[in-house]
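Novice:
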Amino acid sequence: MSDFFKADADAVEVVRREHCFRGFYRLDRLQLRHRQFSGAMGPLISRELFVRHDAVCVLPYDPVRDEVVLIEQFRVGALDKKTSPWLLELVAGLIEEGEQPEEVARREAIEEADLTLDRLWPITEYFPSPGGSDERVHLYLGRCDSSAAGGVHGLAEEGEDIRVHVLSYAHALQALKDGLIDNAASLIALQWLALNRDEVRGAWS
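So the mapping is simple: this note's numbering equals the position in the sequence shown, first residue as 1, plus 69.
(1) With 16 other CB atoms within 10 Å as the buried threshold, where does Tyr209 fall?
(2) Once you ignore the five residues that flank Pro197 on each side, which residues in its own chain have a CB closer than 7 Å to its CB?
(3) If distances are taken between C-alpha atoms only, which option among Ala272, Gly271, Asp79, Glu227 comes closest to Gly162?
(4) Less than 8 Å between the beta carbons of Val81 and Val127, yes or no?
(5) Taking the continuous alpha helix (DSSP H) assigned at His240, which residues delimit it?
(6) When you compare only the Cα positions, how much space is there between Gly200 and Arg116?
(7) On the three-state DSSP scale, how would you describe Gln142?
(8) Mark Thr213 as exposed unless 16 or more other C-beta atoms lie within 10 angstroms of its C-beta, in which case mark it buried.
(9) What is the DSSP secondary structure of Gly223, counted as helix, strand or coil?
(10) Quick test of the definition: if touching needs 3 or more C-beta pairs under 8 Å, does the stretch 170 to 177 touch the stretch 89 to 102?
(11) Quick check: the Cα distance between Ser71 and Glu180, rounded to an integer number of angstroms?
(12) On the DSSP bridge assignment, give the partners of Trp261 in chain order.
(13) Find out if the Cβ-Cβ distance for the pair Arg134, Ser215 is shorter than 8 Å.
(14) Strictly by DSSP, which residues pair up with Ser115?
(15) Among Tyr94, Val120, Leu139, Arg86, which residue has its Cα nearest to the Cα of Val221?
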């Protein structure tokens, strides 16, 4: 086993922190030093940090029909990088103050896909872009009945226009292989399902 770096209370020194922008999100600029692997403190460096609420992503899965539910919506981050900025994704939402991740998963499933999740299976927690953002994602599999899933949903007051797709497990994996699904949460959740599907179906069917 590798001897990984162990950070103590003095491992990072934040010399200055300024708020450069405040909107729905926040952008901070930090001047800091951090301890190096040699044990010495490194030079003063400047880093911009995108400050966000933590997020919840959930892959609705029907273990009886062996189907997943994905949503399709416009994403401004893909505007200049893809022919079409409409992406196939998981149900997702931000954690507001006082909320638990499981509450967000169930709420967003109703708002974005008109789905009730009767059970949640925690997959993992991860940082999607720790080089420049403090966001942490809580990732779940959610048990659902996919038989009546479909349509267009979302909150009109938030400009949401979300179309629901029901895919067989095999179709979803093929879409992953074909590059049709190309966002981190969906990739991780579907690959996790591929590794754990037999266990999930045994427990949930």
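From the three backbone atoms N, C-alpha and C, an ideal C-beta is built for every residue, glycine too.
Specialist: On the basis of the data shown:
(1) As a working note, residue 209 is residue 140 in the sequence shown. The residue in question, Tyr209, is buried, as its Cβ has 16 or more Cβ neighbours within 10 Å.
(2) By one-based count along the sequence shown, residue 197 stands at place 128. Contacts found: Glu204, Val206, Ala253.
(3) The count along the sequence shown starts at 1 and reaches residue 162 at position 93. It is Glu227 whose Cα lies nearest to the Cα of Gly162.
(4) Locating residue 81 in the sequence shown gives position 12, counting from the first residue. Locating residue 127 in the sequence shown gives position 58, counting from the first residue. Judged by their CB atoms, Val81 and Val127 are not nearer to each other than the 8 Å cut-off.
(5) The count along the sequence shown starts at 1 and reaches residue 240 at position 171. It spans 238 to 246 - the alpha helix (DSSP H) in which His240 sits, taken as one unbroken run.
(6) Stepping through the sequence shown from its first residue, residue 200 is reached at position 131. Stepping through the sequence shown from its first residue, residue 116 is reached at position 47. Cα to Cα, Gly200 sits roughly 9 Å from Arg116.
(7) For the purposes of this step, residue 142 is identified with residue 73 of the sequence shown, where counting begins at 1. Correct three-state label for Gln142: strand.
(8) If you number the sequence shown from 1, residue 213 lands on position 144. In the sequence as presented, Thr is not what sits at residue 213; that position holds Cys. By the 10 Å Cβ count, Cys213 comes out buried.
(9) By one-based count along the sequence shown, residue 223 stands at place 154. Correct three-state label for Gly223: coil.
(10) no
(11) If you number the sequence shown from 1, residue 71 lands on position 2. If you number the sequence shown from 1, residue 180 lands on position 111. Distance between the alpha carbons of Ser71 and Glu180: 44 Å.
(12) Here residue 261 corresponds to residue number 192 of the sequence shown, with the count starting at 1. Note: Trp261 sits in no beta bridge, so no partner.
(13) The sequence position of residue 134 within the sequence shown is 65, counting from 1. The sequence position of residue 215 within the sequence shown is 146, counting from 1. Going by C-beta atoms, Arg134 is nearer than 8 Å to Ser215.
(14) Against the sequence shown, residue 115 aligns to sequence position 46. According to DSSP, which records beta bridges pairwise, Ser115 is partnered with Gln100.
(15) The residue given as residue 221 occupies position 152 in the sequence shown. Of the listed residues, the one whose Cα sits closest to Val221 is Leu139.
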